[in-house]
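To keep things clear, I will list the structure first and then write my remarks on it.
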Amino acid sequence: MEKEAGIRVDTTRGLSHPVNTCKASLLYVTIFLSVGSLLMYFITTDLYSKRNVYLQPVKWTVNFPKLTTAYNKPSQNSTSYSSEDRKKEPKPKIPTNQKNQAKAGVIEEQLNQTDLRETQKPKINSTQATSPVSGKPKLVLSWTPVPGMDYMTLRTYKKPEFKSLGCPISNCIYTEDKSLADKSDAIVFIARSLGKKPKKLPHQRWVWVTHESSCNSGENGGVWEGMFNWTMTFRRDSDIFAPWFFLKKRDKPLIKNFTEITLKKTKMVAWFVSNCNTQSRREDYVRELQKYIKVDIYGNCGPLKCSKRENEKCEAKMKKEYKFYLSFENSISTDYISDKFWKTAGQNIVPITRGSPANYSRVGIQPSWHISTNDFKSPKDLAHYLHYLANNVTAYVKYLEWKSVYDVDLRLKSYCELCAKLNDPSEPVTWYAKGKLAEWFNKGHCLPPSDLNFKGNTDRKTRKR
Numbered sequence: 001m002e003k004e005a006g007i008r009v010d011t012t013r014g015l016s017h018p019v020n021t022c023k024a025s026l027l028y029v030t031i032f033l034s035v036g037s038l039l040m041y042f043i044t045t046d047l048y049s050k051r052n053v054y055l056q057p058v059k060w061t062v063n064f065p066k067l068t069t070a071y072n073k074p075s076q077n078s079t080s081y082s083s084e085d086r087k088k089e090p091k092p093k094i095p096t097n098q099k100n101q102a103k104a105g106v107i108e109e110q111l112n113q114t115d116l117r118e119t120q121k122p123k124i125n126s127t128q129a130t131s132p133v134s135g136k137p138k139l140v141l142s143w144t145p146v147p148g149m150d151y152m153t154l155r156t157y158k159k160p161e162f163k164s165l166g167c168p169i170s171n172c173i174y175t176e177d178k179s180l181a182d183k184s185d186a187i188v189f190i191a192r193s194l195g196k197k198p199k200k201l202p203h204q205r206w207v208w209v210t211h212e213s214s215c216n217s218g219e220n221g222g223v224w225e226g227m228f229n230w231t232m233t234f235r236r237d238s239d240i241f242a243p244w245f246f247l248k249k250r251d252k253p254l255i256k257n258f259t260e261i262t263l264k265k266t267k268m269v270a271w272f273v274s275n276c277n278t279q280s281r282r283e284d285y286v287r288e289l290q291k292y293i294k295v296d297i298y299g300n301c302g303p304l305k306c307s308k309r310e311n312e313k314c315e316a317k318m319k320k321e322y323k324f325y326l327s328f329e330n331s332i333s334t335d336y337i338s339d340k341f342w343k344t345a346g347q348n349i350v351p352i353t354r355g356s357p358a359n360y361s362r363v364g365i366q367p368s369w370h371i372s373t374n375d376f377k378s379p380k381d382l383a384h385y386l387h388y389l390a391n392n393v394t395a396y397v398k399y400l401e402w403k404s405v406y407d408v409d410l411r412l413k414s415y416c417e418l419c420a421k422l423n424d425p426s427e428p429v430t431w432y433a434k435g436k437l438a439e440w441f442n443k444g445h446c447l448p449p450s451d452l453n454f455k456g457n458t459d460r461k462t463r464k465r
């Protein structure tokens with residue numbers, strides 16, 4: 001210990017004394033906390049400013065894509081449609097009251113999307129993407145205002161119709177009640193009996209149906225322009241393939257003695273016809289054919305008559321007595337095969353076909369099931385072959401044998417594909433723009449006959465009718 005000026009000083013303690021050490025530690029902690037507070041202030045301020053930039057609400061705008069490659073089954077006639085052309089189209093009338101503003105905007109946006117089969121992929125959530133059936137049952141309305149044009153209705157089927165049809169996906173309800181038009185998911189229109197146009201809603205798919213050839217089908221213009229989403233026709237490139245009939249294999253082959261059936265036949269060729277002046281000029285071909293083989297013509301174009309009331313009786317007579325039937329089309333058009341061929345499928349008679357050669361093979365009709373005029377240079381050569389078959393039972397019977405194995409199924413099976421498309425959440429929204437439906441169906445698909453260059457034939461333009 002040292003004493004200085006009366007003050008007691010302990011030289012042994014200094015800063016290393018526990019009390020001094022504690023004071024220093026408190027000083028350091030205070031400095032650290034102060035610096036930390038400053039740092040937290042700047043960091044927090046920076047994050048707050050960034051939050052205002054990066055975490056502010058985002059306004060999403062969905063722009064529907066326009067695809068000039070048309071649809072699931074593309075057509076070679078697919079072309080783009082410019083915005084300038086779009087401006088020329090008349091705008092649909094849109095309601096202006098506040099209640100309908102939102103709906104009107106959707107309708108206008110959808111109707112103004114114009115390309116040949118423009119496409120928009122709908123949004124798909126995970127539930128929809130993994131399920132083959134999307135949501136509630138789909139309502140399908142058949143719109144057939146004109147009597148006699150109801151050949152594509154399901155009214156004869158037991159309810160529920162889509163189950164009665166045997167559709168793999170039957171989550172659809174069929175109706176002909178036009179008061180349900182606004183609630184319908186799809187409306188099926190027959191091209192030749194459109195009637196008054198109902199109001200179209202954004203969720204709906206309008207289906208254009210025809211079984212007329214491209215040579216006999218006009219454009220559905222006016223208010224119907226750009227209204228149709230899908231086609232249901234005999235064309236293979238339709239959105240929904242709907243031939244007159246479908247081929248199906250029988251569960252068990254029929255047991256028939258075709259030789260015995262053939263030996264009972266006493267007549268050669270029958271032809272039931274009502275249209276005597278056709279695009280295919282089939283009447284000219286038959287006129288030449290008659291020079292070499294007997295052809296019995298029933299109906300408006302021949303001496304033999306068979307009324308509609310006697311139709312079943314006439315058909316029974318035909319399949320029993322005649323060996324051949326002329327299934328000649330009134331026009332030569334891509335994929336066009338009318339009921340003239342199909343109605344002979346269940347009859348013990350050999351059809352002779354005249355149409356586009358590719359049409360039959362494209363729907364599974366084998367060459368050994370019919371005699372095609374395309375395989376012969378002239379009607380004379382065809383007649384010679386028919387005489388050969390008439391005198392050769394074994395060769396003739398080969399054209400009948402397939403009938404015991406195959407049968408025909410109604411075209412109404414095409415409704416199954418319609419129901420499946422309505423329930424497919426990945427199915428794109430597509431439609432035909434102004435003039436494009438007629439372009440797809442008609443342009444380049446009506447073919448001129450090429451088998452009338454036989455001796456003595458003259459061009460139709462120079463002949464008197």
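Residue numbering for the sequence shown follows UniProt numbering, beginning at 1 and increasing consecutively. Yeah, the Cβ is synthetic: ideal placement off N, Cα and C, and Gly gets one too.
query: DSSP-derived helix/strand/coil call for Q98; result: Per-residue confidence for Q98 stands at a pLDDT of 41, beneath the threshold of 50, marking its modelled position as unreliable; no derived number is given.
query: Test item: CB-CB of L141 and I187 under 7 Å; result: yes
query: Of the residues Y406, E212, G195, S450, the one placed nearest W224, counting alpha carbons only; result: G195
query: Rounded separation between A433 and R205 - CA only; result: 14 Å
query: Start and end residues, alpha helix (DSSP H) containing W342; result: 339-342
query: Every unbroken alpha helix (DSSP H) inside the segment 233-295 [4 residues or more]; result: 258-263, 282-289
query: Under the three-state DSSP convention, the category G299 falls into; result: strand
query: Status (buried if at least 16 other CB within 10 Å, exposed otherwise) for I31; result: exposed
query: Span of the alpha helix (DSSP H), counted from its first residue to its last, around C314; result: 311-321
query: Three-pair Cβ contact test at 8 Å for the segment 315-330 versus the segment 221-235; result: no
query: Y157 (DSSP reduced to helix, strand or coil); result: coil
query: Contact between the segment 409-421 and the segment 347-363 (3+ Cβ pairs under 8 Å); result: no
query: Boundaries of the beta strand (DSSP E) in which W431 is found, first to last residue; result: 429-432
query: Residue environment, N391, which counts as buried when at least 16 other CB atoms sit within 10 Å; result: exposed
query: Reference S450, options K136, S356, K178, I261, closest by Cα; result: S356
query: CA-to-CA distance, K320 to T266, given in whole angstroms; result: 9 Å
query: DSSP bridge partner residues for W208 (one or two, in chain order); result: F189, T231
query: Span separating the alpha-carbon of F272 from that of Y174; result: 35 Å
query: Inter-residue spacing [alpha-carbon to alpha-carbon] between P428 and F234; result: 22 Å
query: Bridge-paired residues (DSSP) for I352; result: L326, I371
query: Buried/exposed call for G135, threshold 16 Cβ in 10 Å; result: exposed
query: Sequence-distant residues of its chain with Cβ nearer than 7 Å to H445 (five each side left out); result: S214, S333, T334
query: Extent of the continuous beta strand (DSSP E) run through W175; result: Note that residue 175 is Thr in the sequence shown here, rather than Trp. That run of the beta strand (DSSP E) goes 172-175.
query: For C167: DSSP bridge partner residues; result: Note: C167 sits in no beta bridge, so no partner.
query: Y388, buried or exposed, once every other Cβ within 10 Å from all chains shown has been counted against 16; result: exposed
query: The alpha helix (DSSP H) enclosing V408, as first and last residue numbers; result: Unbroken run through V408 is the beta strand (DSSP E), 406-410; no alpha helix (DSSP H).
query: S333 - partner residues in DSSP beta bridges; result: C446
query: Beta strand (DSSP E) segment containing S142, residue limits; result: 138-143
query: Nearest-angstrom beta carbon gap, S217 and N442 [assumed within contact, 8 Å]; result: 6 Å
query: Backbone CA spacing between N374 and N359 [nearest angstrom]; result: 12 Å
query: Any non-hydrogen atom of the ligand GTP closer than 6 Å to R354 Cβ; result: The ligand GTP is not part of this structure, which contains no ligands at all.
query: Counterpart residues of L201 in DSSP-defined beta bridges; result: Answer is none; L201 lacks a bridge partner.
query: Limits of the unbroken alpha helix (DSSP H) element including E417; result: 414-422
query: Start and end residues, alpha helix (DSSP H) containing L389; result: 379-390
query: N- and C-terminal bounds of the alpha helix (DSSP H) containing P357; result: 357-362
query: Assigned exposure category for H203 - 16 Cβ within 10 Å defines buried; result: exposed
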